Amino acid sequence: MSQRLTIALDAMGGDHAPDMVVAGADLARERFPDVHYVLYGDSARIEPLLAKHPALKGVATVVHTAEAVAGDAKPSVALRTGRQSSMRLAIDAVAAGNAAAVVSAGNTGALMAMAKFVLKTLPGIDRPAIASFFPTQRGESVMLDLGANTECTPDNLVQFALMGSVFARTVLGMAEPTVGLLNIGSEEVKGNETVRAAAARLREAPFPGRFYGFVEGTDIAAGTTDVIVTDGFTGNVALKTAEGTAKLYAEFLRRTFQSSLMAKLGYLLARSAFTKLKQRADPRRYNGAMFLGLRGVCVKSHGGTDAIGFANAIGVAVNLVAQGFNEKIKAEMHRLGGDDTLPDTKAAAV
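So, in structure tokens, the structure goes:
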């Protein structure tokens, strides 16, 4: 990066905050030496941690607040009562232009509510969506929405497809990402009216990618398409199912290699291969979900992650800012809106 960026951190968000946040920022500092960090939270807890990371202390500022959003707080309550919370102040910094992005491992619903209220949505975007990386047999894909919108219109899904495609181009470097619409079957007659109407428009829309068509649940891990688009209810269920399945097979492997002396010997012989597998499937590697569609970069870290995972979430934020992600979204929305040949989504849904 040619100039210093400032990243606002919700230092009190997450299961292991603020220790994890400070340690993660220090790891990110090694990767991004030109980034300045502003940590919002309890200075009495943060300052002693910074003292253990002198290099980070030189590029960090602490803004004190005694308030923090609870992990089980309802979004509406957090929005109404959390104006001086570490999460809200970090978001406010982005809105005021004092920070280029905000990263938080706190309450997802509260973060979305606050970010949407403070930052607003980009022109042409009705609702923001949660997007993140997904490991596949072909490498990595982007999936959205992962929980922000439990019910969606065809317009929402088309907008998600556009944002997901720009995300894949910006972060993953894909020239022409393929986009799949998650459905219960690949045939055009499958699915409800919403997904069929969205597909009809995506087949004609000149968005920055290539619409593949409908994809099924098995296509997610197979990497059939670079971008998977769905509503937040389905996306969140798919994500949690994949996480649970990964943990299940990890436990199966652990029990299998402990079942006998020969099995333990087999593990020792294959340990290097299993180490590579563990690194490939490490969820910390894919940590950092972006709230796409906002007038500012907001990245959600997994609440239970450690310093490595949080550092990766910071990396997502830095890359999105450095690549001008939001400007690219606005440019594509303008291009789409200016094309009179695009079919009207609402009309197609009737």
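Numbering (our numbering), first residue to last: 19 to 368. Note that CB positions come from ideal geometry on N, CA and C, so glycine has one too. Bear in mind the structure is a predicted one, so any value in this text is a computation, not a measurement.
Paired residues, beta bridge with residue i - DSSP
i, result
"cysteine 316", "Val120"
"serine 159", "Phe152"
"isoleucine 246", "Met161, Gly198"
"glutamate 206", "DSSP, once it has assigned bridges, lists no residue as partnering glutamate 206."
"histidine 54", "Thr24"
"leucine 310", "Ala147"
"histidine 352", "In DSSP, histidine 352 forms no bridge with anything."
"glutamate 65", "Glutamate 65 is not bridged to any residue."
"serine 103", "Glu85"
"alanine 78", "Tyr55"
"threonine 139", "Leu312"
Counted within 10 angstroms of its Cβ, other Cβ atoms place residue i as buried (16 or more) or exposed
i, result
"glutamate 350", "buried"
"isoleucine 238", "buried"
"methionine 280", "exposed"
"arginine 98", "exposed"
"methionine 19", "Its pLDDT being 47, under 50, methionine 19 is placed unreliably in this model, and the coordinates cannot settle the point."
"serine 94", "exposed"
"valine 136", "buried"
"isoleucine 202", "exposed"
"alanine 26", "buried"
"threonine 242", "buried"
"histidine 352", "exposed"
"lysine 318", "buried"
"proline 36", "buried"
"lysine 134", "buried"
"proline 361", "Note on proline 361: pLDDT 35, under 50, position unreliable in the model; the coordinate value appears next. The residue is exposed, with fewer than 16 neighbouring Cβ atoms inside 10 Å."
"asparagine 210", "exposed"
"arginine 187", "buried"
"arginine 145", "buried"
Alpha-carbon to alpha-carbon, residue j and residue i
i, j, result
"glycine 311", "serine 290", "42 Å"
"lysine 70", "glutamate 169", "46 Å"
"glycine 231", "valine 255", "21 Å"
"threonine 363", "serine 104", "In this prediction, threonine 363 scores a pLDDT of 31, lower than 50, which makes its location untrustworthy; the coordinate-derived value is nonetheless stated afterwards. Looking at the two C-alpha atoms, the distance is approximately 40 Å."
"glycine 32", "glycine 191", "30 Å"
"glycine 124", "aspartate 110", "16 Å"
"phenylalanine 309", "serine 278", "47 Å"
"phenylalanine 229", "aspartate 244", "10 Å"
"phenylalanine 159", "phenylalanine 152", "At residue 159 the sequence reads serine, which differs from the phenylalanine that was named. In a straight line, the C-alpha of serine 159 is about 5 Å away from that of phenylalanine 152."
"threonine 248", "leucine 162", "6 Å"
"glycine 356", "isoleucine 347", "Interpretation of glycine 356 is limited by its pLDDT of 40, a score under 50 that renders its predicted location unreliable; no figure is taken from the coordinates."
"alanine 367", "arginine 221", "Bear in mind that the predicted position of alanine 367 carries a pLDDT of just 29, short of 50, making it unreliable; the figure below should be weighed with that in mind. Near 15 Å, if we compare the C-alpha coordinates of arginine 221 and alanine 367."
"asparagine 116", "phenylalanine 343", "18 Å"
"serine 204", "glutamate 234", "7 Å"
"threonine 359", "arginine 214", "Caution applies to threonine 359, whose pLDDT of 33 falls short of 50 and renders its modelled position unreliable; the model cannot decide the point."
"aspartate 24", "alanine 88", "This sequence places threonine at residue 24; aspartate is not what is there. About 25 Å."
"alanine 147", "leucine 286", "44 Å"
"glycine 227", "leucine 67", "45 Å"
"glycine 100", "arginine 106", "7 Å"
"threonine 196", "alanine 179", "10 Å"
"aspartate 28", "alanine 118", "14 Å"
"threonine 79", "glycine 59", "11 Å"
"phenylalanine 328", "valine 40", "9 Å"
"glutamate 85", "cysteine 316", "20 Å"
"phenylalanine 5", "leucine 283", "As shown, the chain starts at 19 and ends at 368. That puts residue 5 outside it, with no answer to give."
Given residue i as reference, the closest of the options once Cα atoms are compared
i, options, result
"leucine 74", "Glu194, Ile64, Met161", "Ile64"
"threonine 171", "Asp28, Ala329, Tyr58, Phe251", "Phe251"
"valine 334", "Ala43, Ala35, Met38", "Ala43"
"leucine 257", "Gly165, Thr126, Tyr55", "Gly165"
"alanine 91", "Ala288, Ala179, Gly182, Gly127", "Gly127"
"proline 51", "Ile332, Asn167, Glu345, Arg353", "Ile332"
"glycine 306", "Gly322, Pro195, Phe292, Leu57", "Gly322"
"isoleucine 143", "Ala340, Ala62, Met181, Arg47", "Met181"
"threonine 154", "Phe270, Thr236, Ser122", "Thr236"
"valine 56", "Val112, Phe275, Ala217, Ala218", "Val112"
"asparagine 174", "Gly262, Arg219, Leu295, Ala131", "Arg219"
"histidine 54", "Phe270, Arg22, Ala264, Leu200", "Arg22"
Residue i CB to nearest heavy atom of the ligand FMN below 8 Å
i, result
"phenylalanine 328", "No copy of the ligand FMN appears in this structure; indeed no ligand is present at all."
Unbroken stretches of the beta strand (DSSP E), 3 residues or longer, contained in the stretch 218-273: 228-233, 245-247
Unbroken stretches of the alpha helix (DSSP H), 4 residues or longer, contained in the stretch 167-191: 172-189
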